[in-house]
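Written below as structure tokens is the structure these notes are about.
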Amino acid sequence: MRGLLPLAGMRLRVPGTGAAAWHAARMLGGLGASVVCEAENQGSAADWAASGVMALTGTRDGDPVLPPGQAASAVRGALLALESLCALAGRPVALPGVGVLSERAAIMGLRRDAPRAPRGAFQVLRAADSWVGLNLARPSDEELLPAWLEDADPVLEEVVARRTASELAERARLLGLPFAVLPSGPDEQLIARGQVPEVRPFVLTGGPGTRHGFLPPTLVVDLSALWAGPLCGHLLTLAGARVVKVESLSRPDGARSGEREFYDLLHAGQESVALDFGSPEGRASLARLVEAADVVIEGSRPRALRQLGIDADEVLARARDKVWISITAYGRTGPWANVPGFGDDAALAAGLLAFDPVTGGPSPVGDAIADPVTGVNAALVAVACRMAGGTWLADLALREQIAATLELPGEPGSPGEVAAPVARTPAGRAPELGADTGRVLAELGARC
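If you read the sequence shown in our numbering, its first letter stands for residue 6, the second for the next number, and so on.
This is how it looks when you write it as structure tokens:
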């Protein structure tokens with residue numbers, strides 16, 4: 006198994022003594038490297054405080070609440086590991102810090118508001134037997150409430166409190182409603198994906214080709230939207246990759262209609278292609294772009310791309326050097342492969358939920374935290390696989406990114422000063438929708 010990992014045979018030294026170095030060594034080791042690291046996993050509380058996430062966790066009128074687990078330290082570690090690999094590959098890069106976890110909140114001016122998440126769409130509720138979370142992230146989700154609760158005019162908290170978590174989850178999945186249950190142990194999805202007893206942040210299949218030993222010129226075709234996939238593309242842009250963002254003319258990335266500054270932050274320095282996915286010509290152009298890519302990033306449930314004639318396994322079978330980054334809520338495989346989910350509900354489904362030490366009330370952790378955690382890890386995996394050569398399918402589930410940071414050894418220490426969310430200044434403006442379509446398709450030989 007270890008010989009099938011992209012960094013197998015590489016010996017790396019990770020400097021440092023704290024939690025970030027410990028997590029960097031853990032991630033690099035999980036990718037197959039032999040790692041020398043003397044760090045101890047200490048200080049995760051300080052990373053939570055520095056990330057801006059702790060400031061977003063708790064009630065509006067109460068004090069910030071320290072989250073459980075080590076997601077902030079894991080992100081610091083993954084960024085350190087990514088910087089180390091880029092330097093080793095001859096592409097030294099200065100990456101952002103752990104504040105990436107709260108940049109969207111900083112730009113949007115969000116505040117903690119438990120039991121709701123800062124954006125307000127996600128809410129923690131008490132079912133008859135468990136804490137649960139409901140995410141009304143799309144206009145259609147709210148319209149489904151009467152059907153979900155079998156009540157024409159439901160008072161949400163009252164009806165949910167009378168139902169068991171399993172009842173609520175079953176109907177939510179039937180209707181495609183983003184809903185999560187705070188887990189009490191392994192479930193059928195984790196078992197089916199081999200994520201028991203230990204949850205790994207990614208499921209990686211494929212194998213190395215001729216090891217590059219450096220980071221070769223890389224064309225990234227980014228089919229993803231919102232935050233996790235675009236953050237991966239942004240970090241690869243910083244690492245020197247050429248990133249082409251591909252969107253549907255009729256359904257572009259929903260983040261375009263949000264805060265322009267956040268969209269610019271993630272997409273400045275990239276190219277934009279917009280296609281009519283409903284036409285044979287548009288689907289043919291999409292297929293040609295995917296074939297031309299060295300790295301594909303996508304955030305769709307598997308059946309959605311297959312409906313467009315794109316099958317990751319078939320694309321990789323034809324390729325010699327290609328990395329496919331698949332980001333979903335619960336993973337590409339298993340009985341929950343087509344269950345929808347977003348960053349807040351996926352985090353709760355992983356087991357990440359804070360409780361106010363004064364009131365005992367529940368609080369979502371940060372702003373859609375599973376999204377940026379996944380985006381950072383995806384970029385690290387992409388670089389490792391490009392250095393290895395060969396064809397790789399990296400299956401990253403939002404829930405598993407968070408679950409992999411829980412129940413780890415270590416001493417959290419004291420959080421110290423709690424930092425407010427802060428965002429970097431965008432490097433420029435993101436391209437307008439389809440600004441580069443004709444040129445990119447002509448250059449890469451795709452049909453217009």
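Ideal Cβ placement from N, Cα and C applies to all residues, glycine included.
Assigned exposure category for residue i - 16 Cβ within 10 Å defines buried
{"i": "residue 211", "result": "buried"}
{"i": "residue 41", "result": "exposed"}
{"i": "residue 227", "result": "buried"}
{"i": "residue 12", "result": "buried"}
{"i": "residue 194", "result": "buried"}
{"i": "residue 453", "result": "With a pLDDT of only 40 at residue 453, under the threshold of 50, the placement of this residue in the model should not be trusted; the figure read from the coordinates follows. Burial call: exposed."}
{"i": "residue 92", "result": "exposed"}
{"i": "residue 219", "result": "exposed"}
{"i": "residue 379", "result": "buried"}
{"i": "residue 363", "result": "exposed"}
{"i": "residue 6", "result": "Bear in mind that a pLDDT of 38 at residue 6, under 50, signals an unreliable position, so the number given afterwards is only what the model happens to contain. Counting Cβ neighbours within 10 Å, residue 6 comes out exposed, since fewer than 16 surround it."}
{"i": "residue 22", "result": "exposed"}
{"i": "residue 196", "result": "exposed"}
{"i": "residue 311", "result": "exposed"}
{"i": "residue 349", "result": "buried"}
{"i": "residue 437", "result": "exposed"}
{"i": "residue 229", "result": "buried"}
{"i": "residue 307", "result": "buried"}
{"i": "residue 429", "result": "exposed"}
Bounding residues of the alpha helix (DSSP H) (the contiguous stretch that carries residue i)
{"i": "residue 253", "result": "Here residue 253 belongs to no alpha helix (DSSP H); instead the beta strand (DSSP E) covers 247-253."}
{"i": "residue 319", "result": "317-323"}
{"i": "residue 92", "result": "76-93"}
{"i": "residue 295", "result": "285-297"}
{"i": "residue 265", "result": "265-272"}
{"i": "residue 145", "result": "144-148"}
{"i": "residue 350", "result": "348-355"}
{"i": "residue 307", "result": "307-311"}
{"i": "residue 442", "result": "442-449"}
{"i": "residue 195", "result": "193-197"}
{"i": "residue 29", "result": "24-35"}
Distance CB(residue i)-CB(residue j) smaller than 7 Å
{"i": "residue 346", "j": "residue 183", "result": "yes"}
{"i": "residue 282", "j": "residue 253", "result": "yes"}
{"i": "residue 187", "j": "residue 255", "result": "no"}
{"i": "residue 122", "j": "residue 168", "result": "no"}
{"i": "residue 215", "j": "residue 324", "result": "no"}
{"i": "residue 331", "j": "residue 376", "result": "no"}
{"i": "residue 270", "j": "residue 431", "result": "yes"}
{"i": "residue 34", "j": "residue 10", "result": "no"}
{"i": "residue 32", "j": "residue 86", "result": "yes"}
{"i": "residue 446", "j": "residue 334", "result": "no"}
{"i": "residue 398", "j": "residue 185", "result": "no"}
{"i": "residue 411", "j": "residue 356", "result": "yes"}
{"i": "residue 165", "j": "residue 367", "result": "no"}
{"i": "residue 234", "j": "residue 225", "result": "no"}
{"i": "residue 382", "j": "residue 213", "result": "no"}
{"i": "residue 328", "j": "residue 295", "result": "no"}
{"i": "residue 439", "j": "residue 279", "result": "yes"}
{"i": "residue 303", "j": "residue 112", "result": "no"}
Element boundaries [beta strand (DSSP E), containing residue i]
{"i": "residue 397", "result": "396-402"}
{"i": "residue 136", "result": "136-140"}
{"i": "residue 374", "result": "It is not in any beta strand (DSSP E) - residue 374 carries neither H nor E in the DSSP assignment."}
{"i": "residue 168", "result": "Residue 168 -> no beta strand (DSSP E), and no H or E assigned at all."}
{"i": "residue 329", "result": "327-333"}
{"i": "residue 279", "result": "276-280"}
Residues that residue i bridges to, as DSSP identifies them
{"i": "residue 360", "result": "367"}
{"i": "residue 227", "result": "250, 302"}
{"i": "residue 128", "result": "121, 139"}
{"i": "residue 47", "result": "416"}
{"i": "residue 210", "result": "398"}
{"i": "residue 244", "result": "For residue 244, which the question treats as bridged, DSSP gives no partner whatsoever."}
{"i": "residue 185", "result": "138"}
{"i": "residue 41", "result": "18"}
Identity of the residue in the options nearest residue i by Cα
{"i": "residue 75", "options": "56, 449, 333, 196", "result": "56"}
{"i": "residue 102", "options": "236, 359, 404", "result": "236"}
{"i": "residue 417", "options": "145, 9, 53, 37", "result": "53"}
{"i": "residue 69", "options": "225, 161, 175, 116", "result": "116"}
{"i": "residue 314", "options": "362, 248, 45, 291", "result": "291"}
{"i": "residue 272", "options": "81, 249, 294", "result": "249"}
{"i": "residue 427", "options": "340, 59, 46, 26", "result": "59"}
{"i": "residue 287", "options": "303, 251, 308, 27", "result": "251"}
{"i": "residue 146", "options": "170, 178, 119, 137", "result": "178"}
{"i": "residue 448", "options": "293, 392, 358, 387", "result": "293"}
{"i": "residue 106", "options": "408, 371, 356", "result": "371"}
{"i": "residue 246", "options": "318, 280, 98", "result": "98"}
{"i": "residue 459", "options": "233, 422, 393, 28", "result": "Because residue 459 is not part of the residues shown, which for the chain are 6 to 453, the question remains open."}
{"i": "residue 109", "options": "384, 232, 244", "result": "232"}
{"i": "residue 152", "options": "181, 143, 127", "result": "181"}
{"i": "residue 82", "options": "297, 342, 27", "result": "27"}
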